[in-house]
Amino acid sequence: MLEIRLAQTPEEKEQVFKLRYQIYVEEMGYAQHYANHKGQKIEEPLDNSGNIFVAFQKNKVVGTVRSNYARQSDLGYYLSLFKISDATQNTNLGYVSVCTKFMVDKNLRKKGIGFTLMQAHYNQMLIDRIKFDFIDCEPHMIPFFQKLGYQLIDMINHPEYGSGMAMMLDVFNLKHLERVNSPFMRLHRNFVESKKLAQL
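To convert, count from 1 in the sequence shown and add 360; that's the working numbering.
What follows is the structure, encoded as structure tokens:
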């Protein structure tokens with residue numbers, strides 16, 4: 361049984377930090393600025409102000425993604441790395457988020473866990489009125505994010521992960537979601553319908 365929700369306790373977050381280390385350091389060999397090699401975990405300052413979504417299977421963390429809102433977090437170099445002002449045509453940063461630390465246990469990939477995590481992330485953005493979400497990924501992951509509705513910005517050189525593609529999601533652009541047959545469509549329609557019902 362798969363459960364997706366926000367990390368709620370220090371113990372749950374600790375499991376997330378250890379999964380990050382297993383995947384980013386041990387599996388992928390990334391040089392992580394905040395890697396704690398003694399504790400075998402990766403915990404970052406952005407964790408203090410972000411939404412850390414977690415996929416649990418039999419009470420074990422098997423996937424995670426983090427979302428940080430510009431209205432609550434210091435996004436630092438991400439603002440220039442993703443060319444956020446240009447991509448959003450100078451939209452108020454209060455409506456902008458950055459999605460990072462997206463990963464699934466290597467033994468459970470291609471089983472829909474990643475899609476389900478991103479749906480939880482998208483649903484929360486609807487609730488919190490985020491208009492634009494930014495991510496970066498390795499080239500082989502571009503089709504995955506395009507399927508969700510993310511659009512290409514440009515190739516970037518991430519200080520920790522190297523070459524990758526920056527992408528942006530226009531969260532409330534239902535026409536584009538329909539064009540790519542995004543799994544976010546249903547969530548968008550349900551959200552709009554619930555708002556209409558609340559006004560009756």
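We put the CB at the ideal spot given by N, CA and C, even for glycine.
Here the structure is a predicted model, which means the values were calculated and not measured.
Item	Value
Is it true that the CB of Phe413 sits closer than 9 Å to the CB of Leu368?	The sequence as given places Gln at residue 368; Leu does not occur at that position. Contact flag unset, no.
Please identify the residue among Tyr521, Ser523, Glu520 and Leu529 whose C-alpha is closest to the C-alpha of Leu512.	Leu529
For Lys420 and His500, I'd like the C-alpha separation in whole angstroms.	27 Å
Mind checking whether Asp407 and Val458 have CB atoms under 9 Å apart?	no
Does DSSP put Glu520 in a helix, in a strand, or in coil?	coil
Excluding the 5 residues flanking Lys461 on each side, which residues of the same chain have their C-beta closer than 7 Å to its C-beta?	Arg380, Thr424, Val425 and Arg426
Using alpha carbons as the reference points, say which of Gly436, Thr451 and Gly399 lies closest to Leu405.	Here residue 405 is Pro; the residue named in the question, Leu, does not match the sequence. It is Gly436 whose Cα lies nearest to the Cα of Pro405.
Between the beta-carbon of His536 and the beta-carbon of Leu486, is there less than 9 Å?	no
Tell me the rounded alpha-carbon separation between Arg365 and Asn428.	16 Å
Can you give, in chain order, each stretch of the alpha helix (DSSP H) that sits fully within the segment 484-543 and has at least 4 residues?	502-508 and 534-539
Report the rounded CA-to-CA distance for Leu496 versus Asn396, giving the unit in angstroms.	Strictly speaking, residue 496 in this sequence is Asp, with Leu absent from that position. So the two alpha carbons sit approximately 23 Å from each other.
Taking the alpha-carbon positions, what's the Leu534 to Asn541 distance?	10 Å
Is Gly454 buried or exposed, if buried means 16 or more other CB atoms sit within 10 Å of its CB?	exposed
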